Amino acid sequence: MNREKVRLSANEQLGESMDRISSLINENSRYGSSGDALKKCAMAQMEIGQSERKLQETVTSEYIKWLRSYIASEAKLAKQEREKLENARLDLDRIKTSKKRAKDNKQHTFDQSLKDAESAFNIQCETTRRCLQESIDKFDSQKEELKKLLKAQSEHFRVCSDAVESALRAI
Numbered sequence: 239m240n241r242e243k244v245r246l247s248a249n250e251q252l253g254e255s256m257d258r259i260s261s262l263i264n265e266n267s268r269y270g271s272s273g274d275a276l277k278k279c280a281m282a283q284m285e286i287g288q289s290e291r292k293l294q295e296t297v298t299s300e301y302i303k304w305l306r307s308y309i310a311s312e313a314k315l316a317k318q319e320r321e322k323l324e325n326a327r328l329d330l331d332r333i334k335t336s337k338k339r340a341k342d343n344k345q346h347t348f349d350q351s352l353k354d355a356e357s358a359f360n361i362q363c364e365t366t367r368r369c370l371q372e373s374i375d376k377f378d379s380q381k382e383e384l385k386k387l388l389k390a391q392s393e394h395f396r397v398c399s400d401a402v403e404s405a406l407r408a409i
């Protein structure tokens, strides 16, 4: 019993208003058909509103859900790898600076540390590059999600067009 109230779209609200007005016109009219054109238009507006709601639900459930998941996982991972790369670069820079500041006879003691830091930096560069490439590849694979989005939009516009055409023919 804890159902949330569905909020009507602008087109559905317009359709309901037109429907109420057409009913009032038909009740107060001697001929009964004065409000029929308005009623047909009201039905078209309600169909357009329902189609709009369905499109929003599809976009949310299909594309937005995928996009949020992608951002939560891939962007987070890319950020972590970037931070690791930045730390490796800072370590390398720190060792290079220490070696430059050391006296000539002590510079050779930094050689092994410098080689290790360069190696760690190069490994992290490659790891970060692979991570970013995988992220790009996953983003490129979203084409299926985009197709679903475009199909939903196409269906929405078809329903809207059909509703308007039907109302025009009826009027």
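Our numbering applies: residue 239 is where the sequence shown begins, and numbers increase by one. Every residue, glycine too, gets a C-beta built ideally from N, C-alpha and C. For clarity, every value in this text was computed on a predicted model and none was experimentally measured.
Item to check | Per-residue burial, Ile286 [other beta carbons within 10 Å of its own, 16 or more giving buried] | outcome: Classification for Ile286: buried.
Next on the checklist: I believe Phe348 touches Ala326 by the beta-carbon criterion, under 8 Å. Please report the beta-carbon distance rounded to the nearest angstrom.
Outcome noted: Incorrect: roughly 17 Å between the Cβ atoms, too far for contact.
Checklist entry - What is the C-beta distance between Lys386 and Glu300, in whole angstroms, given that I count them as a contact (C-beta under 8 Å)? => result Right, their Cβ atoms sit about 5 Å apart.
Checklist entry - On the premise that Leu352 lies in contact with Lys337, defined as a C-beta separation below 8 Å, what is that separation, rounded to the nearest angstrom? => result Separation of the CB atoms of Lys337 and Leu352 is rounded to 6 Å, and the pair is thereby assigned contact status at 8 Å.
Next on the checklist: By the three-class DSSP mapping on this structure, what secondary structure does Val244 have?
Outcome noted: DSSP places Val244 outside both helix and strand once states are collapsed to three, so it counts as coil.
Checklist entry - In terms of residue numbering, what span does the alpha helix (DSSP H) encompassing His394 cover? => result Run containing His394: Lys381 to Ala408, per the alpha helix (DSSP H) assignment.
Checklist entry - Between Asp400 and Leu323, what straight-line distance do the alpha-carbon atoms span, to the nearest angstrom? => result Going by the C-alpha atoms only, they are around 56 Å apart.
Next on the checklist: Pop quiz: Glu295 and His394 are said to be a contact at Cβ under 8 Å. What is the actual Cβ separation, rounded to whole angstroms?
Outcome noted: The C-beta distance from Glu295 to His394 rounds to 11 Å, too long to fall under 8 Å, and the pair is not in contact.
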